[in-house]
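Participant:
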Amino acid sequence: MLFVHGMGDFHPDNVIDNAFLESLDIGTDDAWITKRVGIKERRTSLPLDYIRETRNTEIRNCLDASPLTHLDFVTKAAEHAIERAGIDKEQIGMVVCDPGGQFYRTPAVSNLLADALGVKGLCFDLGTACATFGLQLHVLNNMAPEALPDYILVALGSPISWITNYNDRNTAVLFGDAAAAAVVSPRIEGGMRVLGTSAGSDSSQWSKIQSPIYGHFTLDGQAVQKFAIKQAVATAKSVLPEDSAGWGERYFIGHPANMAMLRLACRFLEVPDAYHLHNIERYGNTGQSSAPAVLSENWDRFTPGEEVVLSVVGGGLTWSGVRLQKL
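Taking the numbering used here, the leading residue of the sequence shown gets 1, the next gets one more, and so forth.
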């Protein structure tokens, strides 16, 4: 059993709206973007003048251009989650991060985050691109509770604008920066209860989504979309009760590759519009931070007994699902 005591999220201030992308003269405009992916705005830590002047063609330079580091991203989200959880930092006995370090292959990002927060305890990184948050909860949920401390900090940072090619309209319109975090416990009740988790991979298709070291993000959009919709539906169903007759009054949070994919997944699952939670129109695709940031954004809306299902498919190709219930 696992309990989520608090969620946190962070989005940088700089806004990349569709008018800005149109000004780059890369063959796109608001009407095309809205129809194709349903996104109006994204956030970035990069100065807009830097994007306009360089199109981020040499991604090593963006590390100097951004006033925020990857560590800044996860720290801000973690502080938000800890505040929401209502605990002191000193109560955290383990830190788990995504392996997205900016400057070091070692130590782990989790070590850097623990030091920044003044947290003591075991630290390790665990990630699998977009499906990372679900995988992290899946692994923790399947560990022996006696092997875990009372409180665990989970954090993810996604400065995806840093690996975006702003000469490529197919990817430039999709991505934004964000971070997300959660405080979880294997034994102390509070917040939300994890009712079920699942995860899996089809590694034969790893080449469909790539982000090489010091290279831009690329994906085979058509191939990934067909697979992702089918797998997102299957993953969501995998965490439902065996006797479930349908979706019921459960909230759904999917991975926002684009709005059309989200709507198709909801249609196949028969999720009512009122129970589909997303922020893709305001933030775009923020990678591994996407689904947990939506959960964080809606943290205060849930009432006791209500359930939320997160279903994410991403690079690897890997997928993960989580079902939670508000306490």
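Even for Gly, the Cβ is constructed at its ideal location relative to N, Cα and C.
#1: Would you call residue 63 buried or exposed, if buried means 16 or more other Cβ atoms sit within 10 Å of its Cβ?
#2: Taking 8 Å as the cut-off, decide whether the C-beta atoms of residue 327 and residue 193 are in contact.
#3: Residues in its own chain within less than 7 Å of residue 77 by CB, not counting five upstream and five downstream?
#4: So, residue 41 versus residue 17, is the Cβ gap smaller than 8 Å?
#5: Excluding the 5 residues flanking residue 321 on each side, which residues of the same chain have their C-beta closer than 8 Å to its C-beta?
#6: Over what stretch of residues does the beta strand (DSSP E) that includes residue 311 continue unbroken?
#7: Enumerate, from N- to C-terminal direction, the unbroken alpha helix (DSSP H) stretches of 4 or more residues contained entirely within the region 257-300.
#8: On a Cα-Cα basis, can you pick out the residue from 271, 88, 45, 260 that is closest to residue 159?
#9: Can you tell me the Cα-Cα spacing of residue 113 and residue 245, whole angstroms?
#10: Alpha carbon to alpha carbon, how far is residue 251 from residue 5?
#11: Which of the three DSSP states is assigned to residue 198 in this structure?
#12: Restricting to Cα atoms, I'd like to know which of 228, 189, 219, 217 is closest to residue 201.
#13: Could you pull out every residue in the same chain whose Cβ sits closer than 8 Å to the Cβ of residue 27, ignoring the five residues on either side in sequence?
#14: Nearest by alpha-carbon distance to residue 279: which of 174, 225, 191, 213 is it?
#15: If residue 233 sits next to residue 265, beta carbons under 8 Å apart, how far is it from one beta carbon to the other, in whole angstroms?
#16: Might you give, ordered along the chain, the residues of its own chain that have their beta carbon closer than 6 Å to the beta carbon of residue 203, omitting 5 neighbours on each side?
#17: Return the chain-ordered list of same chain residues with a C-beta closer than 8 Å to the C-beta of residue 281, the five sequence neighbours on each side being excluded.
#18: Note down the Cα distance separating residue 263 from residue 166, rounded to an integer number of angstroms.
#19: Cβ of residue 121 within 8 Å of Cβ of residue 87?
#20: Between which two residues does the alpha helix (DSSP H) containing residue 62 stretch?
#21: Pair every Cβ in the region 94-106 with every Cβ in the region 134-149, then say whether three or more of these pairs are closer than 8 Å.
#22: Pick from 85, 33, 104, 216: whose alpha carbon is nearest that of residue 152?
#23: With DSSP as the reference, label residue 248 as helix, strand or coil.
#24: Can you list the alpha helix (DSSP H) stretches of 4 or more residues lying completely in the region 65-99, in chain order?
#25: Classify residue 217 as buried or exposed, calling it buried when 16 or more other Cβ atoms lie within 10 Å of its own Cβ.
#26: At which residues does the beta strand (DSSP E) containing residue 3 begin and terminate?
Facilitator: Concretely, from the data shown:
#1: As a first step, residue 63 must be located in the sequence shown, where it is residue number 63. Exposed.
#2: If you number the sequence shown from 1, residue 327 lands on position 327. If you number the sequence shown from 1, residue 193 lands on position 193. Yes, the pair counts as a contact, with Cβ atoms nearer than the cut-off.
#3: Indexing the sequence shown from 1 puts residue 77 at position 77. Only 8, 9, 10, 155, 179, 180, 181 meet the Cβ criterion.
#4: Along the sequence shown, one-based indexing puts residue 41 at 41. Along the sequence shown, one-based indexing puts residue 17 at 17. Taking C-beta atoms as the reference points, residue 41 and residue 17 count as a pair closer than 8 Å.
#5: Position 321 of the sequence shown, counted from the start, is the residue given in the question as residue 321. Closer than 8 Å at the Cβ level, and outside the excluded window around residue 321, lie 134, 196, 197, 198, 199, 235, 236, 238, 239, 309, 310, 311, 312.
#6: As a working note, residue 311 is residue 311 in the sequence shown. For residue 311, the enclosing beta strand (DSSP E) stretches over residues 307-314.
#7: The region 257-300 is shown to contain whole alpha helix (DSSP H) runs of 4 or more residues at 259-269, 280-283, 290-297, in chain order.
#8: The residue labelled residue 159 in the question sits at position 159 within the sequence shown. The shortest Cα separation from residue 159 among 271, 88, 45, 260 belongs to 45.
#9: Looking up residue 113 in the sequence shown gives position 113. Looking up residue 245 in the sequence shown gives position 245. So the alpha carbons of these two residues sit roughly 43 Å apart.
#10: Working through the sequence shown from its first residue, we reach residue 251 at position 251. Working through the sequence shown from its first residue, we reach residue 5 at position 5. Using only the alpha carbons, I get a separation of about 18 Å.
#11: In the sequence shown, the residue the question calls residue 198 occupies position 198. Residue 198 falls in the strand class under three-state DSSP.
#12: As a working mapping, residue 201 is identified with position 201 in the sequence shown. Distances from the alpha-carbon of residue 201 to those of 228, 189, 219, 217 put 228 closest.
#13: Working through the sequence shown from its first residue, we reach residue 27 at position 27. Answer for residue 27: 169, listed in chain order.
#14: For the purposes of this step, residue 279 is identified with residue 279 of the sequence shown, where counting begins at 1. Closest option to residue 279, Cα to Cα, is 174.
#15: For the purposes of this step, residue 233 is taken as the residue at position 233 of the sequence shown. For the purposes of this step, residue 265 is taken as the residue at position 265 of the sequence shown. Between residue 265 and residue 233 the Cβ distance is about 6 Å, and since that is below 8 Å, they are a contact.
#16: The residue labelled residue 203 in the question sits at position 203 within the sequence shown. Closer than 6 Å at the Cβ level, and outside the excluded window around residue 203, lies no residue.
#17: Taking the first residue of the sequence shown as 1, we reach residue 281 at position 281. Closer than 8 Å at the Cβ level, and outside the excluded window around residue 281, lie 38, 39, 40, 41, 259.
#18: Position 263 of the sequence shown, counted from the first residue, corresponds to residue 263. Position 166 of the sequence shown, counted from the first residue, corresponds to residue 166. CA-CA distance, residue 263 to residue 166, rounds to 27 Å.
#19: Stepping through the sequence shown from its first residue, residue 121 is reached at position 121. Stepping through the sequence shown from its first residue, residue 87 is reached at position 87. Going by C-beta atoms, residue 121 is not nearer than 8 Å to residue 87.
#20: By one-based count along the sequence shown, residue 62 stands at place 62. Residue 62 -> alpha helix (DSSP H) spans 62-65.
#21: Yes, they touch.
#22: The residue labelled residue 152 in the question sits at position 152 within the sequence shown. Restricting attention to 85, 33, 104, 216, the CA atom closest to the CA of residue 152 is found in 85.
#23: Taking the sequence shown and counting its residues from 1, the one referred to as residue 248 is at position 248. Per DSSP, reduced to three states, the secondary structure at residue 248 is coil, with no helix or strand assignment.
#24: Listed in chain order, they are 70-85.
#25: Translated into the one-based positions of the sequence shown, residue 217 becomes position 217. With 16 or more Cβ atoms within 10 Å of its Cβ, residue 217 is classed as buried.
#26: Working through the sequence shown from its first residue, we reach residue 3 at position 3. Boundaries of the beta strand (DSSP E) around residue 3: 2-10.
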